[in-house]
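Following the numbering used here, the numbering of the sequence shown begins with 13 at its first residue and continues without gaps. Every residue gets a Cβ at the ideal spot worked out from N, C-alpha and C, and that includes glycine. These notes concern the structure reproduced below.
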Amino acid sequence: MLSSSGQDMEQIIQYFETIPSLHRSILLVGGLSFFWILEGSLPLFNFNYKKWRHAWPNLFFTITTIIINFSLAFLLLNSADWVVEHQFGLLHWLPDMPLWLFVFIGVLLMDLIGAYLPHFLEHKIKPLWMIHLVHHSDHNVDTTTANRHHPLESVVRYIFTLLGVILIGTPIGLVMLYQSMSLVATQFSHANIKLPKSIDLMLSYIIISPDMHKTHHHYKLPHTDTNFGNIFSLWDRCFGTYSYMNREALVYGVDTFPDAKKNGSLKELLKQPFQPYRKPTTDTKGNPIA
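Structure representation (structure tokens):
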């Protein structure tokens, strides 16, 4: 017989197994709205921009991501059903454990394979970096930046999510829970909000805090190639990709693509992955490259 906490966890997983599209939409729009309002009350930077004009390309890419994920949802569902039916994947090969631990390990590993790994590779492989560049070329990082991904990147991220489901053996309820947590986590970490430094630092030992992720959006190396995490900061700390930077020194954008006007144009952003690759101006230690 399950304990009350076990029953609660089981109900949560059952809910996410059949979560209505309306509820997922409310989570997306509600999260954006909440952090959008919060940015007005606790801004990290007072950007000199028209917020709706800045948000337009980011919201467009949010819509394309939704369309791609919806179009490919059958692959995710079929894969999740297959691994459960055949007891395939790491979760099914581990000893029996409480449901809460099963869920925690599943979400943690999905965060590794579905988010940290592709993000890391996007910074190391030139063609993937050119696709990911669209996300980094935002000069005014706020909560709408969270979903600023070129359609090609949405496909890349989806492939890694699918890979995570197969290797981990993730049931669909757990997949939906992970994706919901990921959505809110990225809206939070990109939000232009100013938490007390002590609180932000404390949060960064567990999850990706706003300051931690903003360091990743600094315009040049070495900070651009750090803090790849999505929900949990564990992976950055384990793999030595964590870095700290004083938030007052942050400059957003990418040093090799500095044109803010082009980087705010939807037409230019759609073409951005197909531009010639430009070498970084500094090495991984921040020293100028001759």
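* Asked: Taking only runs of the alpha helix (DSSP H) that begin and end inside the region 36 to 94, which ones reach a length of at least 4 residues, in chain order?
  -> 63 to 83
* I31: CB within 8 Å of a non-hydrogen atom of the ligand NAD -> The ligand NAD is absent from the structure shown, which contains no ligands of any kind.
* Asked: Between the region 108 to 116 and the region 150 to 159, are three or more C-beta pairs nearer than 8 Å?
  -> no
* Asked: Where do the ends of the alpha helix (DSSP H) carrying D223 lie?
  -> P222 to H228
* Asked: How about the region 184 to 197 and the region 23 to 39: do they share at least three Cβ pairs that are nearer than 8 Å?
  -> yes
* **Backbone CA spacing between Q199 and V96 [nearest angstrom]** => 31 Å
* Got a sec? Which residues, its chain only, sit under 7 Å from G241 by beta carbon, not counting five neighbours each side? -> Y128, I220, W247 and D248
* Asked: Hey, quick one: how far does the alpha helix (DSSP H) through Q284 stretch, first residue to last?
  -> Premise fails: Q284 is in no alpha helix (DSSP H) and is neither H nor E.
* Jot down the residue ranges of each uninterrupted alpha helix (DSSP H) in the region 156 to 187, minimum 4 residues, whole runs only, in chain order. => 163 to 180
* To do: Consult DSSP for V266 and reduce its assignment to one of helix, strand or coil.
  => strand
* Thinking just about the alpha-carbon of each residue, which of L140, L121, H228 and I171 is nearest to the one in H151? -> H228
* N- and C-terminal bounds of the alpha helix (DSSP H) containing S245 -> Taken as a continuous stretch (DSSP letters only), S245 belongs to no alpha helix (DSSP H), as it is neither H nor E.
* From the DSSP output, which residues share a beta bridge with I219? -> F244
* Would you report the Cα separation of V177 and G101, rounded to the nearest angstrom? -> 8 Å
* By how many angstroms is the C-alpha of V266 removed from the C-alpha of D295? -> Confidence at D295 is low in this model, with a pLDDT of 48, below 50, so its placement is unreliable and the value that follows should be read with caution. Looking at the two C-alpha atoms, the distance is approximately 14 Å.
* To do: Can you grab the Cα-Cα spacing for the pair P270 / S149, in whole Å?
  => 8 Å
* Asked: Whole-angstrom Cβ separation of F172 and G126, contact assumed at under 8 Å?
  -> 5 Å
* What residue from L44, H147 and M21 has the CA that sits closest to V196's CA? -> L44
* To do: List the DSSP bridge partners of I205.
  => P55
* Hey, which unbroken runs of the alpha helix (DSSP H) at 4 residues or more fall wholly within the region 90 to 161? -> 102 to 105, 111 to 123, 129 to 136 and 138 to 148
* In angstroms with no decimal places, state the Cα-to-Cα distance between I75 and K209. => 33 Å
* Asked: With a Cβ-Cβ cutoff of 9 Å, do I218 and F244 count as a contact?
  -> yes
* **With 16 other Cβ atoms within 10 Å as the buried cut-off, status of Q284** => buried
* To do: Return the chain-ordered list of same chain residues with a C-beta closer than 8 Å to the C-beta of L175, the five sequence neighbours on each side being excluded.
  => I125 and G126
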